[in-house]
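**Q** Mapping to numbering that gives the first Met the number 0: the sequence shown position 9 is 8, numbers consecutive.
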Amino acid sequence: MSLSRTLISSLAAALLFLCQAPASAGQITGFSWFSGVASVAGTTFSPPVAPNNDNAVGTSPNSIFVTQKDYRAIGPVDLVFDVTDTGGVTEYLVMEGVQNSTGLDWTSYHIELGFGEGAGFVKSLPGDGLDFDSPDFDSDLDFNPGGFFFPIVTASEDDLFASGGTQPDFSFAGNYLFHIDVPDGITSFTIRQSPIAVPEPTSLCLLLAFGCASLVGLRRE
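Below you can see the structure in the form of structure tokens.
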């Protein structure tokens, strides 16, 4: 009888612990940014409402919101997120406003996943669990809010290329959005973003002049 009571008490305690234990997932807990070409303001995130929701179809309820990234020159911005080292994979919706103050129109926009920042940035490897909703890519992607900017998005595991349009100088894109899968087993990760500009007229002239000079040289030979 005493053994039965002890066993029942142990099972009840274990069940209570399991009910109170939080769901485990790759959960974002902190944020910092690094760039010599832009400022970043108003970044918010909350504990995930749906942890461990890898491969959610459509829009994930877990969100990261970057109110504004203001580019003053062409170059990368590194957004570094701290992650709790727990089990599971959580899918996040990333929404952000992007301001072009570079003096140049942009023909495309590149986003990549990795680790570290600046010269120490290392690209995420295939199959490491950190990805842009790979392999199904069945969550929302939009770099064309209001029908402007970039209607074409080419997605791979660790890269997004938005193109097919232009983000003019001194324009603001209010709601670029994409999804990321955040795995367990990492302490941080980086979203690196880089605009790609239309070449300046002077640069085009120099390229044309160089091309003409090369042709003349070839003909003389």
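Cβ atoms here follow ideal geometry from the backbone N, Cα and C, with glycine treated the same way.
Going by beta-carbon coordinates alone, are Ala49 and Thr89 separated by less than 9 Å?
**A** Yes. Within cutoff.
**Q** Check Ala161 in the structure and name its three-state DSSP category.
**A** If DSSP states are grouped into helix, strand and coil, Ala161 belongs with the strands.
**Q** From Asp139 to Asp104, what distance separates their C-alpha atoms?
**A** If I take the Cα positions, the gap works out to 26 Å.
**Q** Could you tell me the boundaries of the beta strand (DSSP E) in which Val88 lies?
**A** Taken as a continuous stretch (DSSP letters only), Val88 belongs to no beta strand (DSSP E), as it is neither H nor E.
**Q** Helix or strand or just coil, what does DSSP make of Gly146?
**A** In this structure, Gly146 counts as helix in the three-state DSSP scheme.
**Q** Expressed to the nearest angstrom, what Euclidean distance is found between the alpha-carbon atoms of Phe188 and Trp32?
**A** Approximately 11 Å, taken between the alpha carbons.
**Q** Would you say Val298 and Phe148 are within 9 Å of each other, going by their C-beta atoms?
**A** An answer regarding residue 298 cannot be provided, because it is not within the stretch 0 to 220 covered by the chain.
**Q** Since Val221 sits in a beta bridge, which residues does DSSP pair it with?
**A** With the chain covering only 0 through 220, there is no way to say anything about residue 221.
**Q** Measure the C-alpha to C-alpha separation of Ala37 and Asp53 and round it to an integer number of angstroms.
**A** Roughly 32 Å separates the two Cα atoms.
**Q** Does the ligand FMN have even one heavy atom less than 8 Å from the beta-carbon of Asn99?
**A** Although the ligand FMN was asked about, the structure shown includes no ligands whatsoever.
**Q** According to DSSP, is Thr58 part of a helix, a strand, or is it coil?
**A** Coil, per DSSP.
**Q** Mind checking whether Phe44 and Tyr91 have CB atoms under 9 Å apart?
**A** In contact: Phe44 and Tyr91 (Cβ atoms closer than 9 Å).
**Q** At a Cβ threshold of 9 Å, is Asp127 touching chain C?
**A** Although the question refers to chain C, the structure presented lacks it and comprises just one protein chain.
**Q** Identify which residue in Glu156, Pro182, Ser62 and Gly146 has its Cα closest to the Cα of Thr165.
**A** Per the Cα distances, Gly146.
**Q** Taking 9 Å as the cut-off, decide whether the C-beta atoms of His109 and Phe160 are in contact.
**A** Going by C-beta atoms, His109 is nearer than 9 Å to Phe160.
**Q** Excluding five sequence neighbours on each side, which residues of the same chain lie with their C-beta closer than 7 Å to the C-beta of Asp137?
**A** Around Asp137: Val56.
**Q** When the distance is taken between beta carbons, is Pro182 closer than 9 Å to Ser107?
**A** Not in contact: Ser107 and Pro182 (Cβ atoms no closer than 9 Å).
**Q** Would you kindly work out how many angstroms separate the C-alpha atoms of Asn61 and Gly163, rounded to a whole number?
**A** Cα to Cα, Asn61 sits roughly 29 Å from Gly163.
**Q** Taking the alpha-carbon positions, what's the Ile27 to Thr101 distance?
**A** C-alpha separation (whole angstroms): 31 Å.
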